[in-house]
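These protein sequence lines are chains A, B and C, in that order.
The numbers in my numbering rise by one with no breaks, and the one at position 92 of the first sequence is 92.
Position in the second sequence (first residue = 1) + 175 = my numbering.
Position in the third sequence (first residue = 1) + 483 = my numbering.
We treat Cβ as the ideally placed atom computed from N, Cα and C, and that holds for glycine.
Worksheet: one structure, shown below.
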Amino acid sequence: LVPASSLTPPLSRSFLLKSLEQVRKIQAKGSALQEQLCDLYKLCHPEELALLGHSLGIPRAPLSSCSQQALQLTGCLSQLQDGLLLYQGLLQALVGISPELAPALDMLQMDVSNFATTVQQQMEDLGVTPVLQPTQGTMPTFTSAFQRRAGGVLAASYLQSFLEQAYRALRYLTQ
Amino acid sequence: LESCGHIRISAPIVHVGNPVTASCTISQNCSHLDPKPQILWKLEDEAKQPGDRQQRLPDGTLESTITLPHFNHTRAFLFCFLQWANSPQVLDQAELRAGYPPTAPSNLSCFMNLTINSLTCLWEPGPETHLPTSYILKSFKSRMNCRSQEDPVVDCVPEEGQSYCSIPRKHLILYQNMVIWVQAENALGTSASPQLCLDPMDVVKLEPPTLWGMKPSPDVAPPPMGCLWLGWEPWKPSLFMDQKCELRHRPLLGGASWETGLPSSMHTYELCRLLPATAYALQMRCIRSPLPGHWSPWSPSLELKTTT
Amino acid sequence: LESCGHIRISAPIVHVGNPVTASCTISQNCSHLDPKPQILWKLEDEAKQPGDRQQRLPDGTLESTITLPHFNHTRAFLFCFLQWANSPQVLDQAELRAGYPPTAPSNLSCFMNLTINSLTCLWEPGPETHLPTSYILKSFKSRMNCRSQEDPVVDCVPEEGQSYCSIPRKHLILYQNMVIWVQAENALGTSASPQLCLDPMDVVKLEPPTLWGMKPSPDVAPPPMGCLWLGWEPWKPSLFMDQKCELRHRPLLGGASWETGLPSSMHTYELCRLLPATAYALQMRCIRSPLPGHWSPWSPSLELKTTT
Chain A
1 LVPASSLTPP
11 LSRSFLLKSL
21 EQVRKIQAKG
31 SALQEQLCDL
41 YKLCHPEELA
51 LLGHSLGIPR
61 APLSSCSQQA
71 LQLTGCLSQL
81 QDGLLLYQGL
91 LQALVGISPE
101 LAPALDMLQM
111 DVSNFATTVQ
121 QQMEDLGVTP
131 VLQPTQGTMP
141 TFTSAFQRRA
151 GGVLAASYLQ
161 SFLEQAYRAL
171 RYLTQ
Chain B
176 LESCGHIRIS
186 APIVHVGNPV
196 TASCTISQNC
206 SHLDPKPQIL
216 WKLEDEAKQP
226 GDRQQRLPDG
236 TLESTITLPH
246 FNHTRAFLFC
256 FLQWANSPQV
266 LDQAELRAGY
276 PPTAPSNLSC
286 FMNLTINSLT
296 CLWEPGPETH
306 LPTSYILKSF
316 KSRMNCRSQE
326 DPVVDCVPEE
336 GQSYCSIPRK
346 HLILYQNMVI
356 WVQAENALGT
366 SASPQLCLDP
376 MDVVKLEPPT
386 LWGMKPSPDV
396 APPPMGCLWL
406 GWEPWKPSLF
416 MDQKCELRHR
426 PLLGGASWET
436 GLPSSMHTYE
446 LCRLLPATAY
456 ALQMRCIRSP
466 LPGHWSPWSP
476 SLELKTTT
Chain C
484 LESCGHIRIS
494 APIVHVGNPV
504 TASCTISQNC
514 SHLDPKPQIL
524 WKLEDEAKQP
534 GDRQQRLPDG
544 TLESTITLPH
554 FNHTRAFLFC
564 FLQWANSPQV
574 LDQAELRAGY
584 PPTAPSNLSC
594 FMNLTINSLT
604 CLWEPGPETH
614 LPTSYILKSF
624 KSRMNCRSQE
634 DPVVDCVPEE
644 GQSYCSIPRK
654 HLILYQNMVI
664 WVQAENALGT
674 SASPQLCLDP
684 MDVVKLEPPT
694 LWGMKPSPDV
704 APPPMGCLWL
714 GWEPWKPSLF
724 MDQKCELRHR
734 PLLGGASWET
744 GLPSSMHTYE
754 LCRLLPATAY
764 ALQMRCIRSP
774 LPGHWSPWSP
784 SLELKTTT
């Protein structure tokens, strides 16, 4: 394990506390969206949509530099910000999903975008050039209401596991 | 990889209990993922089931069709599954809806509100249709007995789920007859209420008059025994209307029934032949007259005591 | 006959007590109606008075000028009259207004509402200006200590006469500092409140936590004498925030003062060292911690009785 304290330059405590809170805030909004997708459209099992996700080309953001075994701070921050921009774009692609879901989707997207700004600012404060555009491939295009809903289930599911990884890394960095 | 599967349904909205037929076609690039691909169907939370027929089409796509003989849900999702690496995969989802065509809206009634200057009509929509159903208050201007149709009035569309609508003053010609009805429409049909023929001013909603006891002035003899002096005034916004009014009274205690009478046309009145030293409850209501109108509600009770 | 008279004034809006100068010119075709035409002025209901100077201009028009040295009305009409067939005729009317430039709005404070997801700021407008005065909540995004100015936020314009405004979520970047102030403006000047530098999430308005008594289950011994078992949960929309909470309690009767303590971080708590067989009132409040925040109000009183 890479001791967190040995990482230079150290992250500000305020950044870590705010980031942990932002992750929890986004996760709460994410599960609310998943619940709504399940209640409204009976789409409750992301694992049943893997083939569709594969065929639509819905991307998943890596956080390999944030794993405790190979924690590399600037790489981790870049991957974190890159992933957040990716999921913000993916949520944006879902616009028009349905009137009932639009408010929850908007809030989630804004929270993800604000967290990306928090990370970007910390990178700038550390003198690391921030990511301005997600480096992953192009966003999927959805051609039916069902594809948008299924895309929503997958995006929310991938975002939750991405945030779970980020939370573990941030928690580790806080010790 | 374009999308793998696509559901087509006979009709997205059907009459409750009618059959629904659906087909799910799986593109070749997805169906070849499994040596013996099987398409499964699922309705809402029910168990997965194979289709009635599954066949490979000339262009290589795989198609399964299923018929739900009696679709009794009002709203349900139909899923098309394909087994992929041992896990059932949803390839498409269709929303099925069932309901009833709208029955004719009933009990249409309208009243003219003199304070907000609009004609409000209300109706009963009839039994639930389970489908998005629009209700529109339609009307056109007419002449004497509403047999002729003059220029139409703009449609009055009520707020979502409400069974009343208000036609603003600028769309009304007062003192002229107009024909009014409600039209209901959904995916399964339309219906219309019976038509009303009315002049907005003949359906004015009158508020009750104001009633008060007249205090005898020092230099004037008090009211004779068993009499009360009353003052009253019709509801201010309706003062331009000729009206007749009714006064009713009964002793406050003892649960006697109301006695009703017509006060004089002047706005003060001496009510006699009452029990002396007795507290009375008095109420008044008015109606446009001789032109047509509706009675106002009774005014709040005025409590006065006769002299001894 | 084009219009007879026309008033021109030095300024339609002046500072209270300042002078106002006005001139009224009467066209030739009107002024010749009277052999010795005299222009008279009237301010509101005051008596008519002649102007300071009346003269025939080269083009034949008649002009009278008047100066009101100290205009002390906040709003008044100034009339220009011409005597015509023995009756004073109003030829023109001008509206004069007086007031004060706005003082700097004070006591600006803001709180973030987590349910409607907007940042609401309120302020005190200061003394009445007697003039139409606009108040606008202005802000721009900033960095760490608010010394840099990044992109501006759209102006927040309150409803007429209100001294608060809510900036919707989509114009906010949470967890970033922003600079906020109120600008006041009317015809006589502008002013601005002191600026606030805040992160919306540091001014979240927390609702109180929920507090309840834990019923001992049959197979578990009741709480020891003089103890109470409590359950509590922070306000649901704020569960994502680390918070610390305070519990206060006092006997229901006897007017004793509150005793305050910090419950454990888990959401159940055994409160001991209480008087046995005594009814207690308990309240809890929470605050975001260790990140900045404001205390929530105390929760409504929970009344529990200790065992004997």
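- Three-state secondary structure (DSSP) at C205 (chain B)? C205 (chain B): helix per DSSP, three-state reduction.
- Closest residue to L422 (chain B) among B:L257, B:G401 and B:H442 (Cα-Cα distance): B:H442
- Task: Mind listing the chain A neighbours of I656 (chain C)? Cutoff is C-beta to C-beta under 7 Å, in chain order.
- Result: N114 and T117
- Task: Measure from the C-beta of M724 (chain C) to each C-beta in chain A and report whether the shortest distance is under 8 Å.
- Result: yes
- Residues of chain A with a CB under 8 Å from the CB of F252 (chain B): which are they? Y41 and K42
- For T118 (chain A), name the three-state secondary structure that DSSP assigns. helix
- Item | Best match in B:P426, B:L232 and B:H190 for proximity to F246 (chain B) [C-alpha to C-alpha] | B:H190
- Item | Distance between V95 (chain A) and L176 (chain B) (C-alpha atoms, nearest Å) | With a pLDDT of 49 at L176 (chain B), under the threshold of 50, the modelled position of this residue cannot be trusted, and the question is left open.
- Report the neighbours of E48 (chain A) on chain C: residues whose CB is nearer than 7 Å to its CB, in chain order. Correct list: empty, because the minimum Cβ distance to chain C is about 29 Å.
- Message: Which residue marks the beginning of the beta strand (DSSP E) containing H498 (chain C), and which one marks its end?
- Response: I496 to H498
- Would you say A494 (chain C) reaches chain A, if we count a Cβ-Cβ gap shorter than 8 Å as a contact? no
- Item | Same chain only: Cβ atoms within 7 Å of N282 (chain B), ignoring 5 sequence neighbours per side | W298 and E299
- Query: Of all the options B:C372, B:K223, B:P280 and B:G192, which has the alpha carbon lying nearest to the alpha carbon of P302 (chain B)?
  - Reply: Residue B:P280 is the option with its Cα nearest to P302 (chain B).
- How about F254 (chain B) and W216 (chain B): are their beta carbons less than 8 Å apart? yes
- Task: Examine chain A for any beta-carbon lying closer than 8 Å to the beta-carbon of C179 (chain B), and answer yes or no.
- Result: yes
- Message: With the cut-off set at 8 Å, would you say A456 (chain B) and S476 (chain B) are in Cβ contact?
- Response: yes
- Query: What in chain C is Cβ-close to R60 (chain A), meaning under 7 Å?
  - Reply: Chain C residues near R60 (chain A): none, gap ~24 Å exceeds 7 Å.
- Minimum Cβ-Cβ distance from T74 (chain A) to chain D less than 8 Å: Protein chains in the displayed structure are A, B and C, and chain D is not among them.
- Measuring only between beta-carbons, confirm whether L237 (chain B) sits less than 8 Å from chain A. When Cβ-Cβ separations below 8 Å define contact, L237 (chain B) makes no contact with chain A.
- Query: Does the Cβ-Cβ distance between Q22 (chain A) and A156 (chain A) come in under 8 Å?
  - Reply: no
- Run through DSSP, which three-state label would K727 (chain C) get? strand
- Evaluate G83 (chain A) with the Cβ neighbour count: other Cβ atoms within 10 Å of its Cβ, from every protein chain shown; 16 or more gives buried, anything less gives exposed. buried
- Please state whether DSSP places L176 (chain B) in a helix, a strand or coil. For L176 (chain B), the predicted model reports a pLDDT of 49, less than 50, meaning its position is unreliable and no value from the coordinates is stated.
- Message: For W433 (chain B), would you say it is in contact with chain A, using Cβ-to-Cβ distances shorter than 8 Å as the test?
- Response: no
- Message: Can you tell me whether M319 (chain B) is buried or exposed? The criterion is at least 16 other CB atoms within 10 Å of its CB, across all chains shown.
- Response: Exposed is the call here.
- Integer-rounded CB distance, given that L105 (chain A) should sit under 8 Å from Q79 (chain A): With 8 Å as the limit, Q79 (chain A) and L105 (chain A) do not qualify as a contact, their Cβ atoms being about 24 Å apart.
- Task: Would you kindly report the start and end of the unbroken beta strand (DSSP E) that includes Y752 (chain C)?
- Result: Bounds of the beta strand (DSSP E) holding Y752 (chain C) are T751 to L754.
- Task: Note down, in chain order, each residue of its chain lying with its Cβ closer than 7 Å to the Cβ of V265 (chain B), except the 5 sequence neighbours on either side.
- Result: Counting only Cβ-Cβ distances below 7 Å, and skipping sequence neighbours, we find F254 and F256.
- Message: If we require 3 or more residues per run, which beta strand (DSSP E) segments fall completely within the region 203-266 of chain B?
- Response: Within the region 203-266 of chain B, the runs of beta strand (DSSP E) at least 3 residues long that lie entirely inside it are, in chain order, 214-218, 228-231, 237-243 and 250-259.
- Message: By DSSP's criteria, Q666 (chain C) is part of a beta bridge. Which residues make up the other side?
- Response: Secondary-structure assignment with DSSP links Q666 (chain C) through a beta bridge to C:I619 and C:A675.
- Item | Spatial neighbours of P130 (chain A) in its chain, beta-carbon cut-off 7 Å, leaving aside the 5 residues before and after | Annotation for P130 (chain A): Q81, Q120, M123 and E124 place their beta carbon closer than 7 Å to its own, counting only its chain and skipping 5 residues before and after.
- Message: For the region 15-39 of chain A, list every residue whose C-beta sits within 7 Å of some C-beta in chain C, in sequence order.
- Response: L17, K18, E21, Q22, R24, K25 and A28
- Item | Inter-residue spacing [alpha-carbon to alpha-carbon] between Q27 (chain A) and L679 (chain C) | Roughly 30 Å between the two C-alpha positions.
- Task: Please work out which residues of its chain come closer than 8 Å, Cβ to Cβ, to D209 (chain B), disregarding the five sequence neighbours upstream and downstream, and give them in chain order.
- Result: L257, Q258 and W259
- Ignore the nearest five residues each way along the sequence and tell me which others in S239 (chain B)'s own chain have a CB closer than 6 Å to its CB. C199, I214, G226 and Q229
- Query: DSSP state of P469 (chain B), grouped into three classes?
  - Reply: Contrary to the premise, residue 469 (chain B) reads as His rather than Pro in this sequence. DSSP places H469 (chain B) in the coil class of the three-state scheme, outside both helix and strand.
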